[in-house]
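Colleague: In this note's numbering, the protein residues as written are 19 to 329.
(1) State yes or no: is the C-beta of residue 223 within less than 8 Å of the C-beta of residue 260?
(2) Taking residue 247 and residue 210 to be in contact with their CB atoms under 8 Å, please state how far apart those CB atoms are, rounded to whole angstroms.
(3) Return helix, strand or coil for residue 179, following the three-state DSSP convention.
(4) Skipping 5 residues on each side, what residues in its chain have a beta carbon closer than 7 Å to that of residue 271?
(5) Taking just the CA atoms, how far does residue 251 sit from residue 168?
(6) In whole angstroms, give me the CA-to-CA distance for residue 185 and residue 299.
(7) Grab the span of the beta strand (DSSP E) containing residue 333 for me, first residue to last.
(8) On the CB-based measure, 16 or more other CB atoms within 10 Å of its CB, does residue 238 come out buried or exposed?
(9) Output the boundary residues of the alpha helix (DSSP H) element that contains residue 207.
(10) I'd like to check one pair, residue 282 with residue 253: are the Cβ atoms closer than 8 Å?
(11) Mind listing, in chain order, the continuous alpha helix (DSSP H) runs of no fewer than 4 residues lying wholly within the region 265-322?
(12) Excluding the 5 residues flanking residue 213 on each side, which residues of the same chain have their C-beta closer than 8 Å to its C-beta?
(13) Just the C-alpha distance for residue 255 and residue 291, rounded to the nearest angstrom, thanks.
(14) Quick check: what's the CA-CA separation for residue 285 versus residue 269?
(15) Alpha carbon to alpha carbon, how far is residue 151 from residue 297? Give it in angstroms, no decimals.
(16) Buried or exposed for residue 264, please, with buried defined as at least 16 other CB atoms from any protein chain shown within 10 angstroms of its CB.
(17) Using only the alpha-carbon positions, how far apart do residue 326 and residue 287 sit?
(18) Excluding five sequence neighbours on each side, which residues of the same chain lie with their C-beta closer than 6 Å to the C-beta of residue 233?
(19) Would residue 170 and residue 199 be called neighbours here (beta carbons separated by less than 8 Å)?
(20) Please go through the same chain and pick out, in chain order, the residues whose beta-carbon is closer than 7 Å to the beta-carbon of residue 306, but skip the five residues on each side of it.
(21) Roughly how many angstroms separate the alpha carbons of residue 302 and residue 324, rounded to a whole number?
(22) Do residue 189 and residue 206 count as a contact pair if the criterion is CB distance below 8 Å?
(23) Taking residue 294 and residue 277 to be in contact with their CB atoms under 8 Å, please state how far apart those CB atoms are, rounded to whole angstroms.
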């Protein structure tokens, strides 16, 4: 009996050890799998971060190229202006002697022999030619201003609709990338309106406008910048893109609201994180009605947003 009990106890011990060994193996396998998943996620995040960094570097390189191109364009404009001034001076040098000759003829006493009549006829012809030239210049100026407005409005509308091909066409035709539409918005701000859906924007359109020199800190009729509207996308990448392009993180609209006020008030955590990481001032106050002024924390939509602003 004792021998049977001892054998049974040994068998129970063996089974227990086997069960523990299997549990340890399963736990180790689960741990290895979890570590593998974590490593894969970290690798994916690193790859995404590298891709974003490369994109930012490309944007900075394009901005530098645009600045260099702008200096060249300014030099060309200065040279053209200099040539225009020289042409005007030459024209004046031709006209002034004729005017002086006419005045000299008119100052002669009545009855004095002169050729004033023929001089007057010649001067009258010159005056009429000058008037026609002035009228032609004014007409061309009006046409140029009309073309400028039409191209600018078309560019803003194309950016508003997010149609990259039309944006390229307008810019190629000479549209001003910082034109202010009849609605008071630049093409860049119009791109973030996107059919009045502030949660959409076309990245290719925005990048193209920035590459062509769009003023990232231009404001619309409410005093809002592109960054004020970018927070509605709730994307740290969008916020970082505009900040890298030179956007002011604490830009304030007509009510004193910053992009952080907008992101907190409408409940966009990713935008809040990106703005806080970029140094947004959490202590600034905006008007919320009457004489009440509130910080981003005080206008925060959710407890999660308040937690982000508190940390």
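Every residue gets a Cβ at the ideal spot worked out from N, C-alpha and C, and that includes glycine. Just so we're clear, the structure is a prediction, and the values are computed from it rather than from any experiment.
Modeller: Short version:
(1) No, these two residues do not count as a Cβ contact at 8 Å.
(2) Contact holds; Cβ gap of about 4 Å.
(3) helix
(4) 240, 241, 242, 246
(5) 30 Å
(6) 35 Å
(7) As shown, the chain starts at 19 and ends at 329. That puts residue 333 outside it, with no answer to give.
(8) buried
(9) 205-211
(10) no
(11) 277-284, 287-295, 314-317
(12) The predicted model places residue 213 with a pLDDT of 46, which falls under 50 and marks its position as unreliable, so this point remains unresolved.
(13) 11 Å
(14) 19 Å
(15) 58 Å
(16) exposed
(17) 8 Å
(18) 196
(19) yes
(20) 312, 317
(21) 15 Å
(22) no
(23) With a Cβ gap of about 11 Å, residue 294 and residue 277 do not count as contacting.
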